[in-house]
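Whatever position you read off the sequence shown (first residue = 1), add 1495 for the working numbering.
Glycine included, C-beta positions come from ideal geometry on N, C-alpha and C.
Read through the structure below, which is laid out as structure tokens, and then see the notes.
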Amino acid sequence: MTRIVAVSGSLRKGSYNTALLSVAKELVSADVDFQIASIDGIPLFNEDLEKQGAPATVTALKEQLAGADGILISTPEYNYSIPGVLKNAIDWVSRPNADIARVFHNKPFALMGATPSGFGTLNAQTAWLPIIRYFKLRPCFANALYLSAAHEKFDANLKVQDQMTLTNLEKFLTDFVRFIQQQKQ
Ligand code: FNR
């Protein structure tokens, strides 16, 4: 069984990025344990708060990520970069610094994103590169998934109606699962 822990960088109910992960969960093969982790309820990072101990929401996310064979992020793009709520969650799970090796080093990692705009979160995904390097993740760059015009690709129930999007997502996931399995060997 290959375990993928997926994180959406949006908190809103109608999030295209969260919806994309829900569709992905339905598309992966039966031998994949696809878990969608939550960043909801994570407080703003503050070293004073950290001294009191990591919040339960942070510990839960961190241990879920630590137990993953591969991490998948669906990142929105805010102001050409990573949304604050997602970066905040990532900052929390990077603490203490000594835990980065256990949680992230050499972990297969894939990135995708959805936006109603035209560039498919290209800038936000690019903004992830220094974090990928710092965490010593193993990025799967086999295929990029930049989902633009998201409002035209999802229906009112947040299901993907666009066949090309479904095909691209399925290929993206198949390649990522294969990448994870190759790293495990
Ligand atoms: C945005 N949005 C946006 N989109 C984009 O493609 N590039 C950008 O730089 C930005 N900047 C931006 C800033 C802020 C503060 C907000 C609130 C929004 C639009 C964004 O892509 C859109 O709200 C998505 O729907 C957010 O993702 P979810 O919530 O649907 O997953």
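Exercise. Apply the 10 Å Cβ neighbour rule to S1524 and answer buried if 16 or more other Cβ atoms are within range, or exposed otherwise.
Key: Your numbering for residue 1524 matches position 29 in the sequence shown. Answer is exposed; the Cβ neighbour count stays below 16.
Would you kindly report the start and end of the unbroken beta strand (DSSP E) that includes I1566?
Translated into the one-based positions of the sequence shown, residue 1566 becomes position 71. Per DSSP, I1566 belongs to the beta strand (DSSP E) from G1565 to S1569.
query = Do you know how far the Cα of S1612 is from the Cα of E1647?
reply = The residue labelled residue 1647 in the question sits at position 152 within the sequence shown. The residue labelled residue 1612 in the question sits at position 117 within the sequence shown. About 11 Å.
Relative to the alpha-carbon of R1673, which residue among N1583, F1599 and F1604 has its alpha-carbon at the smallest distance? Counting from 1 along the sequence shown, the entry for residue 1673 is found at position 178. Per the C-alpha coordinates, the member of N1583, F1599 and F1604 positioned closest to R1673 is F1604.
- Query: Is it buried or exposed for P1571, if we count other Cβ within 10 angstroms and need 16 for buried?
  - Reply: One-based indexing of the sequence shown puts residue 1571 at position 76. When all chains shown are included, P1571 counts as buried.
Distance between beta carbons of T1621 and S1643, contact taken as under 8 Å: Here residue 1643 refers to the residue found at position 148 of the sequence shown. Here residue 1621 refers to the residue found at position 126 of the sequence shown. Their Cβ separation, rounded to whole angstroms, is 15 Å, which puts S1643 and T1621 out of contact at 8 Å.
_Neighbourhood of V1553 by C-beta, 7 Å cutoff - its chain only, sequence neighbours within 5 removed_ = Translated into positions along the sequence shown, residue 1553 becomes position 58. Hits under 7 Å: I1537, W1587 and V1588.
Taking the alpha carbon of S1569 as the reference point, which residue from I1531, T1497 and A1651 has its own alpha carbon closest? Taking the first residue of the sequence shown as 1, we reach residue 1569 at position 74. Minimum Cα distance to S1569 is reached at I1531.
Practice task
Would you kindly report the start and end of the unbroken alpha helix (DSSP H) that includes I1627?
Solution key: For the purposes of this step, residue 1627 is taken as the residue at position 132 of the sequence shown. Segment L1624 to Y1629, the alpha helix (DSSP H) holding I1627.
With 16 other Cβ atoms within 10 Å as the buried cut-off, status of A1593: Within the sequence shown, the letter at position 98 stands for residue 1593. Exposed is the call here.
Exercise. Between which two residues does the beta strand (DSSP E) harbouring I1531 extend?
Worked result: For the purposes of this step, residue 1531 is taken as the residue at position 36 of the sequence shown. Element bounds for I1531: V1527 to A1532.
Short Cβ contact (7 Å threshold) for L1522 with A1501: Start at 1 with the first residue of the sequence shown, and residue 1522 comes out as number 27. Start at 1 with the first residue of the sequence shown, and residue 1501 comes out as number 6. For L1522 and A1501, no; Cβs fall outside 7 Å.
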